[in-house]
Amino acid sequence: MSTAATTTIIGLLFLIGVGAESPYRFFEWHVTYGQISPLGVEQQFPGPDIHSVTNDNLIINVFNHLDEPFLISWSGIINAKNSFQDGVYGTTCPIPPGKNYTYAVQVKDQIGSFYYFPSLGFHKAAGGFGGIRIYSRPSIPVPFPPPADDYTLLIGDWFKTNHKELRATLDNGGKLPLPDGILINGRSSGAVLNIEPGKTYRLRISNVGLQNSLNLRIQNHSMKLVEVEGRHTLHTVFSSLDVHVGQSYSVLVTADQPAKDYHVVVSTRFTSKILTTTGVLHYRDSTVTVSGPIPDGPTTLRWSFAQARAMRTNLTASGARPNPQGTYHYGMVNITRWIRLANSAGLIKGKQRYAVNGASFYPADTPLKLADYFKIDGVYKPGSISDQPIKGEMFPVTSVMQTDYRAFVEVVFENREDIVQSWHLNGDSFFVVGMELGKWSPASRKAYNLNDAISRCTVQVYPRSWTAIYVSMDNVGMWNLRSELWERQYLGQQLYIRVYTNSTSLKDEYLIPKNALLCGRASGRHTALL
């Protein structure tokens, strides 16, 4: 079991904001190997939080000091008109060892809680992720009083095994073992949240793990849900919160109990062996350490379904712009395309693989977005994946699904397996209009929520169940749709959605960055960027 070769983002050298309209915030990060031991093995994370305000321009200069290529993706950050900055291999060339690349990302018309992570080479199993906060502009009201403080909680399963060994296991046709533990902000125990009696705090919670749904709860305290991945919610109070892989939430917690220490508990859901870790909610000046039993978490699928359905958009609140979030009546827009996506598992040439509608994704030799820009034939084929489940064996392909610009699409995720699936779409948020046990049918539409469904970018699909979403393809580019279960993503359960228009207007899509890294068949074409 190796104790080296782990990835972390450890340097935030400076942060500057200038201008009044859309400020620029500058970051310099150095990616190196780490030296701490959350489960007895030398590793280190998380990276620094990014704090920003709606419409800020984030200029992030990333230096790669690793011995292999590296990429960072911005989970939930909608790179409006600019998939060149998306930070996944289908759109962006990796940063070579010893080199640097400067990302330019605008948090255009966004608010909320998100995170960033390494997207290449199974680096996510080594850390290197961190929280992203996008605050509302001062002129736009937020539907709850300002909290006394704001905490990021990055929770996730963790492996003692080095990420290169895990990657080799998958490359050789195997599966991931069970995780060794659960971490809260990089700690297997002892994470502390400091609070003062009578005050209310915002917790921004993200599941940054590789494969397990998690439940978070705080002894003797309730949590009021206020935001889901950039959308203000109805203020629903929960005693615990299921957070599926890749998802982010904001809750308010009030220090309304006797001043002592309380358990903060995170445990796995829907697993035969329950893994649990604890932190501490510490009241100021408390001398009474945590005591009593750890509070139990939920045990049924029915409970998780009910919680998911209770998450609704607050239609009276403003979003990133100064207008109510309910003014966009998604339930009254005509559907122009219907897509069904079914996940599956199997073998290709004797090795474990995963697929969507039978197509198991294999990366091309050139980022797909660059192939489009430079008109390089043969890198991929639009329409290489069916928009409906197919019969027959899985097959290897660079999966790209074509959609028209501004199409309004219904997508039904069908999960025929005994797992909890989690799907993420880069470049767009979507409305979660329905989820039920069993098989989807046209009659299922009668139960859709067409009024106040939550809008988000990552959604779960329960075992032997389906989840339906509505999404407006209003963001031109090449966008990754993937399983957030990282073994499945790595072994083929992903595709790219090509949102296409003949327009060359900058109103529809920004130009390729002049500092774009070029690789594969796009190498040597720098003169085209001048």
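Mapped onto mature numbering (1 follows the signal peptide of the UniProt record, and there is no 0), the consecutive letters of the sequence shown carry residue numbers -20 to -1, 1 to 510.
For each residue, glycine too, the CB sits at the ideal point set by N, CA and C.
- Ala325 is bridged by DSSP to Tyr334.
- Nearest neighbour of Asn41 by Cα position, chosen from Met458, Phe6 and Gly226, turns out to be Phe6.
- According to DSSP, residue pairing for Val208 in a beta bridge involves Arg211 and Tyr229.
- For Thr447, the enclosing beta strand (DSSP E) has its first and last residue at Ser445 to Met453.
- Non-local beta-carbon contacts of Arg249 in its own chain, meaning distances under 8 Å to residues more than five positions away in sequence, involve Asn192, Ser193, Leu194, Asn195, Asp222, Gly277, Pro278, Ser284 and Val400 in chain order.
- Within a 10 Å sphere around the beta-carbon of Ala344 sit 16 or more other beta-carbons, which makes this residue buried.
- Between Ile164 and Leu255, the CB-CB gap reaches or exceeds 8 Å.
- One alpha carbon belongs to Val122, the other to Lys329, and they sit about 54 Å apart.
- Cα atoms of Ile135 and Gly166: separation of roughly 8 Å, rounded to the nearest angstrom.
- The Cβ-Cβ distance between Asn37 and Tyr4 falls below 8 Å.
- Our two residues, Ala290 and Leu214, have alpha carbons roughly 9 Å apart in a direct line.
- Looking at the backbone, the Cα of His262 and that of Tyr242 are separated by about 7 Å.
- Look at Gly170 here: in three-state DSSP terms it is strand.
- Taking the Cβ atoms as the reference, Ile449 lies roughly 5 Å from Val391, within the contact range of under 8 Å.
- Apart from the 5 residues on each side of it in sequence, Ile370 sits with its Cβ closer than 8 Å to the Cβ of Asn337 and Gly338 in its chain, given in chain order.
- Per the Cβ contact rule, the stretch 202 to 216 is in contact with the stretch 436 to 447 (3 or more Cβ pairs under 8 Å).
- Residue pairing by DSSP puts Leu183 in a beta bridge opposite Tyr131 and Val231.
- With contact defined as three or more Cβ pairs closer than 8 Å, the stretch 106 to 123 and the stretch 89 to 96 are in contact.
- Contact between Ser298 and Ile58 is ruled out by a C-beta separation of about 18 Å, above the 8 Å threshold.
- Minimum Cα-Cα distance from Thr132 among the listed residues Pro126, Pro159, Leu156 and Val172 corresponds to Val172.
- For the set His404, Leu327 and Leu205, the Cα lying nearest the Cα of Trp466 is the one of His404.
- The three-state secondary structure of Met203, taken from DSSP, is strand.
- For the stretch 246 to 302, the full-length beta strand (DSSP E) segments reaching 3 residues or more read 256 to 263 along the chain.
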